């Protein structure tokens, strides 16, 4: 019986896919919108092939987690992640798997129907988990990109660069932001850099500390005074110690305006006038 099902899945794949496509197209589970089943056919075909290979032997186990179904589980997870990237909904993911289950059962011997049904319950869970994980990672990557692009790295005056860190930037985002800051310092020949951390969520997080360590390791930073504003005493002490270890002067300043005034003085400008 297993060899017969394997033959159908591996040799008559097009028939199985046609049955799946018909069932998916008529599924009430997926979102009611025009979707050509062929756009998901490659993902489904890989699952059909993996299942066909899993049941080659008569004693093959269709138990979730069994070695025989490992490739099928990977194919289901890939389908969930790929559908997430395509903009499909969770209902679409479930509809793809349920339609495939019913198509396989159509061609399977009756004594395999129960085990196939139980296996596909597990595959739906795997696909949905991969779908959710991919969506979460995509949102995190988008947020990191927006945070990196939106972090102010500016010249307040021709020789007064400033960086206002905020939120919870990733390691890559911090390296990019601080890299832009270093470029401004070099281009402007700035003697000081205003670095405000008042809106940084976790200034002592290992990711942040390591990024600051790499930043202070840059040779050009040895001649720059870092005016650290908005830092708690603990942050000022920790970042100050990082600077001393690398020959970088870190001066803690209570407020951003005081840091800017100090940077103006270092650059030879008159301090900004205070509004009346």
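Numbering (this note's numbering), first residue to last: 1366 to 1641.
C-beta: ideal position from N, C-alpha, C; glycine also.
Just so it is clear, the structure is predicted and the values come from calculations on it, not from any experiment.
Just curious, the alpha helix (DSSP H) that residue i is in, first and last residue?
i            : result
residue 1569 : Here residue 1569 belongs to no alpha helix (DSSP H), and DSSP marks it neither H nor E.
residue 1378 : 1378–1391
residue 1487 : 1478–1515
residue 1622 : 1621–1632
residue 1439 : 1435–1450
residue 1424 : Per DSSP, residue 1424 belongs to no alpha helix (DSSP H) and is neither H nor E.
residue 1455 : 1455–1472
CA-CA distance, residue i and residue j?
i            : j            : result
residue 1452 : residue 1587 : 48 angstroms
residue 1623 : residue 1526 : 14 angstroms
residue 1420 : residue 1579 : 53 angstroms
residue 1461 : residue 1405 : 8 angstroms
residue 1501 : residue 1507 : 10 angstroms
residue 1433 : residue 1408 : 19 angstroms
residue 1373 : residue 1393 : 27 angstroms
residue 1366 : residue 1476 : Residue confidence for residue 1366 is low, a pLDDT of 48 falling below 50, so the modelled location carries little weight; the figure read from the coordinates is stated next. Distance between the alpha carbons of residue 1366 and residue 1476: 9 angstroms.
residue 1478 : residue 1456 : 23 angstroms
residue 1571 : residue 1505 : 19 angstroms
residue 1447 : residue 1489 : 14 angstroms
residue 1382 : residue 1574 : 53 angstroms
residue 1482 : residue 1499 : 26 angstroms
residue 1423 : residue 1473 : 13 angstroms
residue 1626 : residue 1595 : 15 angstroms
residue 1521 : residue 1550 : 12 angstroms
Just list the residues that DSSP pairs residue i with in beta bridges.
i            : result
residue 1526 : 1520
residue 1590 : 1557 and 1614
residue 1608 : None, per the DSSP bridge assignment.
residue 1532 : 1565
Would you mind working out which of the options sits nearest residue i, comparing C-alpha positions?
i            : options                   : result
residue 1592 : 1617, 1502, 1600 and 1372 : 1617
residue 1590 : 1561, 1598 and 1631       : 1631
residue 1400 : 1411, 1412, 1410 and 1387 : 1387
residue 1494 : 1571, 1441 and 1516       : 1441
residue 1532 : 1517, 1567, 1610 and 1521 : 1567
residue 1581 : 1569, 1561, 1605 and 1595 : 1605
residue 1396 : 1411, 1402 and 1454       : 1454
residue 1600 : 1628, 1633 and 1565       : 1565
residue 1480 : 1385, 1463, 1524 and 1426 : 1426
residue 1371 : 1412, 1398, 1385 and 1403 : 1412
residue 1439 : 1459, 1449 and 1416       : 1416
residue 1530 : 1546, 1524 and 1379       : 1546
residue 1492 : 1620, 1548 and 1443       : 1443
residue 1585 : 1608, 1470, 1377 and 1563 : 1608
residue 1563 : 1598, 1469 and 1557       : 1598
residue 1487 : 1629, 1466 and 1557       : 1466
Just curious, the beta strand (DSSP E) that residue i is in, first and last residue?
i            : result
residue 1413 : Counting along the chain, residue 1413 falls outside any beta strand (DSSP E), though it belongs to the alpha helix (DSSP H) covering 1406–1419.
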